[in-house]
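If you want the numbering used here, it's the position in the sequence shown, counting the first as 1, plus 23.
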Amino acid sequence: MFSVFGKEIYSYGVLVAAGFLAAILTWGWLGRRERRPPGFAADLGFWLMASGIVGSRLAYVAANWSYYRAAPLEIIRIDQGGLIFYGGFLLACAALALFARHHRLPLWYAADFAIPGLAIGHALGRLGCFFNGCCYGRPAGDSPFGIAYPAVCEPGKLFAGIPLYPVQLIESACLIVLWAVLLFAHPRRYKDGAVFALYLLLYPPCRFLLEYLRGDERQSWLVLDVAQATSIALFLAGVLLFALLPRRRFIP
24 MFSVFGKEIY SYGVLVAAGF LAAILTWGWL GRRERRPPGF AADLGFWLMA
74 SGIVGSRLAY VAANWSYYRA APLEIIRIDQ GGLIFYGGFL LACAALALFA
124 RHHRLPLWYA ADFAIPGLAI GHALGRLGCF FNGCCYGRPA GDSPFGIAYP
174 AVCEPGKLFA GIPLYPVQLI ESACLIVLWA VLLFAHPRRY KDGAVFALYL
224 LLYPPCRFLL EYLRGDERQS WLVLDVAQAT SIALFLAGVL LFALLPRRRF
274 IP
């Protein structure tokens with residue numbers, strides 16, 4: 024956090040905004056390469072960013088409803104954190120379907136186009152989580168990779184002086200690598216939908232494993248937390264999509 028003209032600016036909000044900018048730049052680069060019309064990337068950004076923020080926030084509010092029921096005005100305060108990625112991802116997928124219909128594009132072409140930008144935007148958003156002190160890891164023990172938080176944030180208060188796994192940084196690094204892989208795969212895809220399916224095969228397993236290093240409180244479902252259950256569902260969707268790609272007639 025820092026101040027500009029006496030106004031507190033939170034690093035989380037700055038990095039989420041930087042993630043949106045990186046996503047639009049990625050879409051702009053892809054758009055120029057694929058000769059999309061001017062303004063295409065900005066239009067896509069509006070559809071996905073608006074739906075992504077709303078979906079992420081609604082998922083977080085639903086998961087913490089006991090707090091927000093007593094403080095409803097806090098629902099709109101997203102500058103200090105409070106977003107659940109998978110909620111935003113699912114609503115953004117629905118918005119992408121509407122975007123593709125509006126622009127008369129094949130759905131899976133639009134999905135392949137959008138997904139690299141989503142990966143880099145998510146990567147920078149996770150950096151925001153790190154500086155905000157949310158989505159933190161569990162105690163790292165004797166691991167040399169642990170990071171201790173200052174007492175001004177939640178993990179610093181709960182684990183005073185105890186190094187925690189920097190889960191947010193690990194996930195951010197994985198997403199940057201994934202972004203590069205998706206950009207490499209995009210012009211080489213053999214069918215529309217292949218790049219989106221590749222994302223579903225690579226990111227959910229990463230997220231599933233990293234959840235075991237998380238130290239913050241999360242919603243659970245049986246023996247898994249909600250993010251792990253969602254990761255399994257999305258991974259299976261990726262497997263199914265890849266299996267159906269050669270038989271293009273089965274995919275809308």
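Note that the Cβ used here is the ideal one computed from N, Cα and C, for glycine as well.
Specify, as a first and last residue, the run of the alpha helix (DSSP H) that residue i falls within.
i           : result
residue 13  : Outside the displayed range of the chain (24 to 275) lies residue 13, so it cannot be described from this structure.
residue 125 : 108-125
residue 167 : Where residue 167 is concerned, there is no enclosing alpha helix (DSSP H), given that its DSSP letter is neither H nor E.
Residue j and residue i - do their beta-carbons sit closer together than 7 Å?
i           : j           : result
residue 148 : residue 176 : no
residue 111 : residue 42  : no
residue 164 : residue 172 : no
residue 203 : residue 140 : no
residue 53  : residue 136 : yes
residue 201 : residue 142 : yes
To the nearest angstrom, report how far apart residue i and residue j are at their CA atoms.
i           : j           : result
residue 150 : residue 195 : 6 Å
residue 79  : residue 154 : 19 Å
residue 95  : residue 56  : 45 Å
residue 138 : residue 236 : 26 Å
residue 65  : residue 51  : 8 Å
residue 123 : residue 166 : 47 Å
residue 108 : residue 73  : 13 Å
residue 106 : residue 197 : 19 Å
residue 251 : residue 233 : 9 Å
residue 184 : residue 86  : 29 Å
residue 199 : residue 93  : 38 Å
residue 239 : residue 247 : 14 Å
Practice prompt. Answer yes if the stretch 146-166 comes into contact with the stretch 126-137, meaning at least three C-beta pairs across the two stretches below 8 Å, and no otherwise.
Written response: no
Practice task
Can you check the stretch 172-236 for any alpha helix (DSSP H) of at least 4 residues that lies completely inside it and give the ranges in chain order?
Solution key: 177-181, 190-208, 217-233
task: Give a yes or no on contact between the stretch 261-271 and the stretch 209-220, applying the rule of three or more CB pairs nearer than 8 Å.
output: yes
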